[in-house]
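Take the sequence shown: its position 314, counted from the start at 1, is 314 in my numbering, and no numbers get skipped.
Here is the structure we will look at.
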Amino acid sequence: MEVEEAQVTTEPPKIHRLDESVVNRIAAGEVIQRPVSAVKELVENSLDALSSSINVVVKDGGLKLIQVSDDGHGIRYEDLPILCERHTTSKLSSFEDLQSIKSMGFRGEALASMTYVAHVTVTTITKGQLHGYRVSYKDGVMENEPKACAAVKGTQIMIENLFYNMSARKKNLQNSADDYSKIVDLLSRLAIHHTNVSFSCRKHGAGRADVSSVATLSRIDAIRSVYGVSVARSLMKVEASDMDPSSSVFQMDGFISNSEYVAKKITMVLFINDRLVDCTALKRALEIVYAATLPKASKPFIYMSIVLPPEHVDVNVHPTKREVSLLNQEVIIEKIQSVVESRLRSSNETQIFQEQTVEPSSSSPMIFRKDLNRNPLPSGQSGSKSQKVPVNKMVRTDSLDPAGRLHVYLQAEPHGHLVKNTSLTAVRSFVRQRRNPKETADLTSIQELVAEIDSNCHSGMLDIVRHCTYIGMADDVFALLQHDTHLYLANVVSLSKELMYQQVLRRFAHFNAIQLSNPAPLKELIVLALKEGDTDPKPTKNDELNEKIAEMNTELLKEKADLIDEYFSIHIDKDGNLSRLPVVLDQYTPDMDRLPEFALCLANDVDWEDEKNCLQVISAALGNFYAMHPPMLANPSGDGLQFYRKRKSFRNNEESLPCSTAGDDMITDDEIEHELVAEAETAWAQREWSIQHVLFPSMRLFFKPPNSMATNGTFVRVASLEKLYRIFERC
């Protein structure tokens, strides 16, 4: 029997019009793909507003908070109602305007998109207004009427709880560290192109900015500030242009890395008509050139700025404006590729040297000549004999080469407990990336103190600090440094004390914090400091006096707790316990054995009635506390080992008399306090490591030596290569 299958008939699905909110949310997901997309749109709006300063604050990778503040022309009060509606813009009014668009934004979609996937608050003020306005937006419309408020010049836009209503998108973006690094990379790229604008980017609550650039006239200075000295040192200028309307019309200038630059991946920073874009075809073409010409440096650093007539660029080909379409793109890429290849080949034919002038001045930095072919030689002279440096002027070490350091020649026998797995490269990179914050509290006293440091800077000493090479520690206090052909002894304690003082003033009110695992009672610390040097363990009349002094000073500091916490991040709780200290220098923690001395100085030496004197004394006290003093425990190497002999209790006088004097200077292994020696060795090794890898790299970045250091013995020249050669010649 045949069974007939039932045929199910279905009607075609009905087409219906999507709700407007759904359409807008779908569009928002295309424009704002992740937090860095929102930052890019907001920063480009700030650039369109002719801002000279743009500051970005980010929390949880941008998911919790993105705050972009600028000092641009602001937003008119009349425009606030339609500010966040879709397709509202001040950049163009007709489609024809798009053919010659010069602004970053033009669609009027970015702010609207953000209001559909986040909570948006705008604070703005225009020139001539007595006050600004703050207003919140949701789903493209104002949530309430604009409220009058205090505001600084320009506009501040806060994006909170990004993707709060898109759970799948938010769940995929939980790795906040990855998103924050993308934001830092974006701001770094913008900072090296827009050299007339100051940029900063930091995490919410952090005192230091991860991107901090200032307006400059030099592109290479901007690259040096953002990407570091080693990158800037490896770059060559490159230019290309074509003004033939039949083939292509463009002008390109930029910087490309030479054979000295080695990296794991390519860094390509490309701007077309001042717009940060990607061009896969150009990137691939340049990678091919590097792989063929400089195989070891096949992952280059490239910055290029291409300028074309606006009508030759189609900017409306990507939702996020990340890509553009160029007229005669293949011809432009081919000509740029040819110029880059020629530049690389010419640089590869000539060895790259770091050269010094014959008579260097005390204030002029080292001269770098990247391409010796730029200076043509007289006829009859070969390149190998040009500009030869006299042997008594040659410098054989530099700050990046450890071969000239003292510890290379010492065969030390470290104990097992001193094994250290710290990566030198990682620490140096971290120190170089951390720039001085440009934000300081608006206190005239602090500005005056910082100005005094700048005006009192010794130019000759500054050159030594900037370009010296650390050799090693000569003793407990002095380090050996080489600068040019001279050898110096430098007082580490004096240098670190002054550096810490300067850093306290420059980080004023913007400190990160060190949390003490066990809060320290101020009263006990002050008592310890007052008793310092008193070897009599028995109670004396002075003990009661010390207790009273400590109690009074503790009450004073409790009264001033809010001030020192706000300005210096020194936290004292209501019970008089010290629980938090500031981070004055990254990667460095002070010697806590000197905490009693610091507490006494804070309580006893500060004039709380005079603002400038008060802030200066507290800063100086912090500088002294954080200075790299020799550890309290004696240095166990050499004669210091005597300190760690066990104290034996003798049962009779006969045992206390030495039987022989022949072995008085010999210390056996059984006579040493090994645990104490281990602690001392760790402390001294840690100090020397901090001096080499934290103090001197930080000094090269931040330190401004005062004039007094030229005469007070902080720097002492102990040898000069030219004078040594004269002595050898006499011999």
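C-beta: ideal position from N, C-alpha, C; glycine also.
All of these numbers come straight from a predicted model, not from anything done at the bench.
Rounded C-alpha distance that separates residue i from residue j
{"i": "SER325", "j": "TYR261", "result": "31 Å"}
{"i": "GLU359", "j": "GLY472", "result": "The predicted position of GLU359 is uncertain, since its pLDDT is 43 and thus under 50; a value taken from the coordinates is nonetheless stated next. When rounded, the distance between both Cα atoms is 27 Å."}
{"i": "LEU522", "j": "ASN577", "result": "6 Å"}
{"i": "VAL269", "j": "ILE157", "result": "26 Å"}
{"i": "LYS64", "j": "ARG34", "result": "12 Å"}
{"i": "VAL493", "j": "PRO519", "result": "27 Å"}
{"i": "ARG717", "j": "ILE464", "result": "11 Å"}
{"i": "GLY205", "j": "VAL231", "result": "30 Å"}
{"i": "LEU190", "j": "VAL120", "result": "24 Å"}
{"i": "CYS279", "j": "GLU323", "result": "7 Å"}
{"i": "LYS560", "j": "SER305", "result": "54 Å"}
{"i": "LEU499", "j": "THR293", "result": "45 Å"}
{"i": "GLU311", "j": "ALA110", "result": "24 Å"}
{"i": "ASP274", "j": "VAL307", "result": "8 Å"}
{"i": "LEU489", "j": "ALA474", "result": "8 Å"}
{"i": "ASP591", "j": "ASP575", "result": "24 Å"}
{"i": "ALA150", "j": "VAL117", "result": "28 Å"}
{"i": "ARG17", "j": "ASN144", "result": "29 Å"}
{"i": "CYS468", "j": "PRO706", "result": "17 Å"}
{"i": "MET243", "j": "TYR470", "result": "52 Å"}
{"i": "ARG284", "j": "ALA38", "result": "28 Å"}
{"i": "LEU733", "j": "PRO582", "result": "Given that the chain is displayed from residue 1 to residue 731, the structure contains no residue 733 and the question cannot be resolved."}
{"i": "ALA719", "j": "GLY713", "result": "15 Å"}
Proximity of residue i and residue j at Cβ, strictly below 8 Å
{"i": "TYR303", "j": "ILE183", "result": "no"}
{"i": "HIS458", "j": "ALA620", "result": "no"}
{"i": "VAL56", "j": "SER200", "result": "yes"}
{"i": "VAL732", "j": "ILE54", "result": "Since the first residue of the chain shown is 1 and the last is 731, residue 732 is not available in this structure."}
{"i": "THR155", "j": "TYR137", "result": "no"}
{"i": "ILE572", "j": "LEU557", "result": "yes"}
{"i": "LYS127", "j": "HIS194", "result": "no"}
{"i": "LEU530", "j": "ASN546", "result": "yes"}
{"i": "VAL214", "j": "SER188", "result": "no"}
{"i": "ALA509", "j": "ILE526", "result": "no"}
{"i": "ARG219", "j": "ILE192", "result": "yes"}
{"i": "CYS601", "j": "TRP608", "result": "no"}
{"i": "ALA680", "j": "LEU633", "result": "yes"}
{"i": "LEU449", "j": "GLN174", "result": "no"}
{"i": "LEU585", "j": "SER445", "result": "no"}
{"i": "LEU50", "j": "PRO146", "result": "no"}
Best match in the options for proximity to residue i [C-alpha to C-alpha]
{"i": "GLN686", "options": "ASN635, PRO309, SER246, LEU111", "result": "ASN635"}
{"i": "ASP185", "options": "PHE250, GLY61, LYS153, GLN174", "result": "GLY61"}
{"i": "PHE643", "options": "GLU673, CYS614, ASN624, ILE618", "result": "GLU673"}
{"i": "VAL141", "options": "VAL58, ILE82, GLY132, GLY154", "result": "ILE82"}
{"i": "ARG343", "options": "CYS614, SER720, LEU235", "result": "LEU235"}
{"i": "ASN553", "options": "ASP605, SER579, LEU516, THR589", "result": "ASP605"}
{"i": "GLN692", "options": "GLN67, PHE478, ASP607", "result": "PHE478"}
{"i": "ILE125", "options": "SER69, GLU160, HIS87", "result": "SER69"}
{"i": "ASN165", "options": "SER113, GLU597, ASP71, ARG233", "result": "SER113"}
{"i": "VAL504", "options": "ALA550, TYR488, ILE570", "result": "ILE570"}
{"i": "TYR290", "options": "HIS629, ALA263, TYR501, THR10", "result": "ALA263"}
{"i": "GLU688", "options": "LEU480, ILE549, ILE32", "result": "LEU480"}
{"i": "ASP562", "options": "ARG580, ALA550, PHE301", "result": "ARG580"}
{"i": "ILE336", "options": "ASP476, ALA240, LYS153", "result": "ALA240"}
{"i": "ALA281", "options": "LYS147, GLN587, ASN328, LYS612", "result": "ASN328"}
{"i": "ARG345", "options": "VAL331, ILE332, ALA297", "result": "ALA297"}
{"i": "LYS704", "options": "LEU217, ASN172, GLU452", "result": "GLU452"}
{"i": "PHE250", "options": "TYR133, GLU330, ALA719", "result": "GLU330"}
{"i": "PRO630", "options": "PHE598, ALA599, ARG594, ASN196", "result": "ARG594"}
Terminal residues of the alpha helix (DSSP H) in which residue i lies
{"i": "LYS203", "result": "That residue, LYS203, is in no alpha helix (DSSP H); its beta strand (DSSP E) goes 198-203."}
{"i": "ASP565", "result": "561-568"}
{"i": "ILE288", "result": "280-293"}
{"i": "ILE740", "result": "What is shown of the chain runs 1 to 731, which leaves residue 740 out entirely."}
{"i": "HIS746", "result": "Examination of residue 746 is not possible in this model, given that the chain is present from 1 through 731 alone."}
{"i": "ASP60", "result": "No alpha helix (DSSP H) contains ASP60, which DSSP labels as neither H nor E."}
Beta strand (DSSP E) segment containing residue i, residue limits
{"i": "PHE271", "result": "267-272"}
{"i": "ASP475", "result": "Unbroken run through ASP475: none, as it is neither H nor E."}
{"i": "VAL324", "result": "Neither: VAL324 is in no beta strand (DSSP E) and is coded neither H nor E."}
{"i": "PHE301", "result": "301-307"}
{"i": "ASN491", "result": "486-491"}
CB contact below 8 Å: residue i versus chain D
{"i": "ILE54", "result": "The chain labelled as chain D is not found in the depicted structure, where only one protein chain is given."}
beta-carbon residue i near the ligand PLP non-hydrogen atom, thresh 7 Å
{"i": "GLU239", "result": "Absent from the structure shown: the ligand PLP. Ligands present: none."}
Margin query: For the structure I just gave you, are there three or more beta carbon pairs, one from the stretch 609-627 and one from the stretch 468-488, closer than 8 Å?
Written below: no
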